[in-house]
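See structure below.
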Amino acid sequence: MPLGELIMFGSLSARVLVAWLLLFTYTVVSVSLIQLKVQGFLKGKEVSSKGIVVPGLAVLAGEGVLLASAGIMHPAVILSLTPLLVMWIYLSRRRVEEKSNRVKVIKRIGFQQTGNMITFIIILAIVTRL
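So in the numbering used here, the last spot in the sequence shown is 132, and the numbers never skip.
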């Protein structure tokens with residue numbers, strides 16, 4: 003299935019709908035994580051993100067296992083969790099510093115979020131083709 007079919011509405015199948023569901027869930031969890039962390043940086047305090055990421059990862063993993071066991075997606079769909087885990091680990095190790103330029107930090111996080119989403123979409127497109 004070409005990547006274009008994930009964008010076009012004319013040819014929907016179960017795999018395409020599942021890919022859209024995974025993309026929606028991933029986007030909600032990822033953007034919520036980034037929003038929470040950026041608010042913490044702006045306020046100058048550490049914010050725990052376990053309340054968002056752990057349930058989000060559980061939902062994404064549950065969707066992946068359910069879809070793989072139903073035969074709709076390849077079991078490698080679990081690999082799509084990797085970009086979110088990498089971003090969470092990076093943001094968890096990032097500390098708030100008084101001297102740091104907050105605009106640069108937020109821009110860097112924004113660019114990393116863009117790369118995070120692109121990586122997820124590429125992984126999802128590859129897994130959808132399997």
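All C-beta atoms, glycine included, are put in the ideal place defined by N, C-alpha and C.
Just verifying my parser: in three-state terms, what is the DSSP assignment at residue i?
i, result
"MET75", "coil"
"LYS39", "helix"
"ARG95", "helix"
"SER32", "helix"
"SER15", "coil"
"ASN118", "helix"
Please list the terminal residues of the continuous alpha helix (DSSP H) segment that includes residue i.
i, result
"LEU132", "From DSSP, LEU132 is part of no alpha helix (DSSP H); its letter is neither H nor E."
"VAL135", "Given that the chain is displayed from residue 3 to residue 132, the structure contains no residue 135 and the question cannot be resolved."
Quick one: residues in its chain with C-beta nearer than 8 Å to the C-beta of residue i, no 5 flanking neighbours on either side, listed in chain order?
i, result
"LYS39", "VAL49, SER51, LEU93, ARG96, ILE111"
"THR27", "GLY58, VAL61, LEU62, GLU65"
"ILE125", "LEU81, SER82, THR84, PRO85"
By Cβ distance, which residues of its chain are closer than 6 Å to residue i, with the 5 residues on each side in sequence left out?
i, result
"GLY58", "VAL31"
"HIS76", "VAL129, LEU132"
"SER71", "none"
Starting from the C-beta of residue i, find all residues in its chain whose C-beta is less than 7 Å away, skip the five residues before and the five after it, and write them out in chain order.
i, result
"ALA16", "ILE74"
"VAL20", "LEU69, ILE74, MET75"
"ARG104", "PHE43, LEU44"
"ALA78", "VAL129, LEU132"
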